[in-house]
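Residue numbers (the working numbering): 3 to 162.
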C-alpha cells in the first residue's frame with residue numbers, strides 16, 4: 003500500500019512538472035504570449051528570466067542591466083503597471099509583431115511594440131520597439147497624435 007502511494011505521489015510530481023514546462027512552452031508558442039510574458043517578467047524585476055525570452059541576435063547588445071534600465075523607463079513613462087496583455091499584430095513566416103498592452107494606475111494604457119522571430123519552434127523577442135500611450139492614434143503621416151478629448155479615458159486625462 004505504501005509503495006502504491008509513493009508511486010502515485012511521484013507520478014503526480016512528474017505530471018505537475020510536465021504541466022509547468024508545457025505551460026512555459028505554451029507561452030512561447032505564440033508571439034502575443036511571448037510579448038506578454040517578456041514584459042510581465044521585465045516589469046516584475048526578473049531580468050534574468052526576461053532575458054530568456056530574447057533571441058540570441060538581440061542578446062549580443064542586451065544584458066540584465068539594460069533590461070533593468072528599460073523596466074525603470076517603462077514605469078517612469080507609464081506609471082505603476084497593473085496588468086499586461088499580449089495581442090498579436092502580424093505573423094509572416096518566422097517573423098511576427100505583437101503588442102504588450104500595459105494597463106497602469108495613473109498613466110492610462112500603453113502599448114509596447116515587440117518584433118519576434120521563431121527559432122527551433124519557439125518565438126523570441128528580436129526587437130523592442132516604441133512604447134506609446136494607447137490614447138494616441140496615427141495620423142495620415144504615421145505620426146502619433148492625441149485622440150479627441152471625448153475618447154480619452156478619465157485616467158488619461160488625469161495623467162495629462
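Built from N, CA and C at the ideal position, the CB exists for glycine as well.
Nothing here was measured: the structure is a model prediction, and the numbers come from that model.
#1: Would you kindly report the start and end of the unbroken alpha helix (DSSP H) that includes residue 61?
#2: Could you tell me the distance, in whole angstroms, from the CA atom of residue 106 to the CA atom of residue 84?
#3: Determine whether the beta carbon atoms of residue 56 and residue 127 lie at a separation below 8 Å.
#4: Determine the closest residue to residue 52 out of 88, 30 and 40, with distance taken between C-alpha atoms.
#5: So does the region 94–103 actually touch the region 62–73, counting three or more Cβ pairs closer than 8 Å?
#6: What would DSSP say about residue 51, mapped onto helix, strand or coil?
#7: So which of 73, 122 and 114 has the shortest CA-CA distance to residue 45?
#8: Using the Cα positions of residue 117 and residue 130, report the straight-line distance between them to the nearest angstrom.
#9: Whole angstroms is fine: what's the gap from residue 163's alpha carbon to residue 91's?
#10: Taking buried to mean at least 16 other C-beta atoms within 10 Å of its own C-beta, is residue 123 buried or exposed?
#11: Between residue 81 and residue 108, which are expected to be in contact by the criterion C-beta below 8 Å, what is the C-beta distance as a whole number of angstroms?
#12: Assuming residue 86 and residue 104 form a contact by the criterion Cβ under 8 Å, report the distance between their Cβ atoms to the nearest whole angstrom.
#13: Report whether the distance from the Cβ of residue 88 to the nearest heavy atom of the ligand ZN is below 7 Å.
Let me lay it out:
#1: Position 59 of the chain shown, counting from 1, holds the residue named residue 61. Residue 61 -> alpha helix (DSSP H) spans 58–61.
#2: Walking along the chain shown from the start, residue 106 turns up at place 104. Walking along the chain shown from the start, residue 84 turns up at place 82. If you take the alpha carbons of residue 106 and residue 84, they lie about 5 Å apart.
#3: For the purposes of this step, residue 56 is identified with residue 54 of the chain shown, where counting begins at 1. For the purposes of this step, residue 127 is identified with residue 125 of the chain shown, where counting begins at 1. For residue 56 and residue 127, yes; Cβs fall inside 8 Å.
#4: Your numbering for residue 52 matches position 50 in the chain shown. The candidate whose alpha carbon is nearest that of residue 52 is 40.
#5: As far as the Cβ criterion goes, the region 94–103 does not touch the region 62–73, which means the pair count is below three.
#6: Here residue 51 refers to the residue found at position 49 of the chain shown. Reduced to three states, the DSSP call for residue 51 is helix.
#7: Residue mapping note: residue 45 aligns to position 43 of the chain shown, counting from 1. Taking only the C-alpha atoms, the option nearest residue 45 is 73.
#8: Against the chain shown, residue 117 aligns to sequence position 115. Against the chain shown, residue 130 aligns to sequence position 128. The alpha-carbon atoms of residue 117 and residue 130 are separated by roughly 6 Å.
#9: Outside the displayed span of the chain (3 to 162) sits residue 163, for which this structure offers no information.
#10: Position 121 of the chain shown, counting from 1, holds the residue named residue 123. Under this definition residue 123 is an exposed residue.
#11: As a working mapping, residue 81 is identified with position 79 in the chain shown. As a working mapping, residue 108 is identified with position 106 in the chain shown. 4 Å between Cβ atoms; contact.
#12: Taking the chain shown and counting its residues from 1, the one referred to as residue 86 is at position 84. Taking the chain shown and counting its residues from 1, the one referred to as residue 104 is at position 102. With a Cβ gap of about 6 Å, residue 86 and residue 104 count as contacting.
#13: In the structure on display, the ligand ZN does not appear, and there are no ligands present to speak of.
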